[in-house]
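Note sheet for the following structure.
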Amino acid sequence: MRLDRLNDMEQYILKEGTVSLENLSNHYQVSVNTIRRDLNEVIARGRIRKVYGGVSAVSEEGLIPMTIRANRNKDAKQEIGQMAAELVNDGDTIFLDSGSTVQCIIPHISHKHNITIVTHSLSVMYEASKYPTLQIIALGGLYNHSTSSYVGFSTQEALSNISTNAVFMAATGVSLERGLTNTTYLEAEIKRKVVQCSKKVILMADQSKFDYSSTITFFNFEDLYAVVTDSKPSSKYLDAIQKNGIQLIYKK
Numbered sequence: 415m416r417l418d419r420l421n422d423m424e425q426y427i428l429k430e431g432t433v434s435l436e437n438l439s440n441h442y443q444v445s446v447n448t449i450r451r452d453l454n455e456v457i458a459r460g461r462i463r464k465v466y467g468g469v470s471a472v473s474e475e476g477l478i479p480m481t482i483r484a485n486r487n488k489d490a491k492q493e494i495g496q497m498a499a500e501l502v503n504d505g506d507t508i509f510l511d512s513g514s515t516v517q518c519i520i521p522h523i524s525h526k527h528n529i530t531i532v533t534h535s536l537s538v539m540y541e542a543s544k545y546p547t548l549q550i551i552a553l554g555g556l557y558n559h560s561t562s563s564y565v566g567f568s569t570q571e572a573l574s575n576i577s578t579n580a581v582f583m584a585a586t587g588v589s590l591e592r593g594l595t596n597t598t599y600l601e602a603e604i605k606r607k608v609v610q611c612s613k614k615v616i617l618m619a620d621q622s623k624f625d626y627s628s629t630i631t632f633f634n635f636e637d638l639y640a641v642v643t644d645s646k647p648s649s650k651y652l653d654a655i656q657k658n659g660i661q662l663i664y665k666k
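All you need for my numbering is the position in the sequence shown, starting with 1, plus 414.
Here you go:
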């Protein structure tokens, strides 16, 4: 399948660092024109960039800044945030992840009563601070510029003492085979710890994240409580959602 080739191609480039078009053509036994078309989609994922004669992996330090990622699919993210707010009740304590989509829920829960937000995301802290009605528990640690969040042992230790009504989670990639995946090891470790804080793990992701696997799996798709997305998922996801009793919310 072409999707499998795209995913494999991305991982191959990340492993090699820099690869020429000719190398990719020989490796995958397809024409250079086909490679160019494939690379257009791989590059759009943000982890690969064009260089003279080929492509190169973007280092973690060179990942797309949060301020830029937040503007990608902005309308879809705002819609997802509004729909996800339906899952928050008065008096809830919720964890908000560091993904650019997750922070879009904040304006839509600001009118609710006695809401406490737990987060390691500096972007979430800043957005939530605009609303005096929201209480914020900020988790410290080592600041990661690429994700605009705090990571490390102290962050994980703080999470050990916290229980929440729901966890609102983002992912770099979503697939039935690999589940929810992420690029950065330290961030993935935080996500693994976070999902232990509640039985209600809610995925907030637009459809561009589906059928794509990143480096590190941090949660199984079938264990989700709910999926909030911008459009109706494909039939294989609908089947998995129904089979596992997952709540689905999308723009109809």
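No residue lacks a Cβ here, since even glycine has one placed at the ideal position from N, Cα and C. In this text the structure is predicted, and so the values were computed from the model without any measurement.
Cβ neighbours of residue i in the same chain (closer than 6 Å, five flanking residues each side left out)
| i | result |
| --- | --- |
| residue 432 | 470 |
| residue 424 | 456 |
| residue 475 | With a pLDDT of 42 at residue 475, under the threshold of 50, the predicted position of this residue should be treated as unreliable, and no value is reported. |
| residue 435 | 446, 449 and 468 |
| residue 597 | 586, 628 and 629 |
| residue 685 | Examination of residue 685 is not possible in this model, given that the chain is present from 415 through 666 alone. |
| residue 438 | 449 |
7 Å CB neighbourhood of residue i in its chain, flanking five on each side removed
| i | result |
| --- | --- |
| residue 522 | 495, 496 and 499 |
| residue 506 | 529, 579 and 580 |
| residue 493 | 644 and 665 |
Cross-strand partners of residue i (DSSP beta bridge)
| i | result |
| --- | --- |
| residue 661 | 640 |
| residue 533 | 510 and 552 |
| residue 434 | 468 |
| residue 462 | 471 |
Pair within 8 Å by beta-carbon distance, residue i and residue j
| i | j | result |
| --- | --- | --- |
| residue 442 | residue 463 | no |
| residue 583 | residue 616 | yes |
| residue 517 | residue 538 | yes |
| residue 602 | residue 630 | yes |
| residue 579 | residue 508 | yes |
| residue 664 | residue 646 | yes |
| residue 620 | residue 488 | no |
| residue 556 | residue 566 | yes |
| residue 573 | residue 607 | yes |
| residue 548 | residue 524 | yes |
Cβ-Cβ separation, residue j to residue i (assumed contact under 8 Å), whole Å
| i | j | result |
| --- | --- | --- |
| residue 627 | residue 587 | 5 Å |
| residue 635 | residue 654 | 6 Å |
| residue 563 | residue 514 | Going by Cβ atoms, the distance from residue 563 to residue 514 rounds to 11 Å, so no, they are not a contact pair. |
| residue 510 | residue 531 | 6 Å |
| residue 613 | residue 639 | 7 Å |
beta-carbon residue i near the ligand PLP non-hydrogen atom, thresh 7 Å
| i | result |
| --- | --- |
| residue 558 | This structure lacks the ligand PLP; in fact it carries no ligand of any kind. |
- request: For the segment 581 to 638, list the beta strand (DSSP E) runs that are entirely contained and at least 3 residues long, ordered along the chain.
  value: Listed in chain order, the complete beta strand (DSSP E) runs (minimum 3 residues) inside the segment 581 to 638 are 587 to 589, 593 to 596, 615 to 618 and 630 to 633.
- request: Mind listing, in chain order, the continuous alpha helix (DSSP H) runs of no fewer than 4 residues lying wholly within the segment 542 to 582?
  value: As far as the segment 542 to 582 is concerned, its whole alpha helix (DSSP H) runs of at least 4 residues are 567 to 573.
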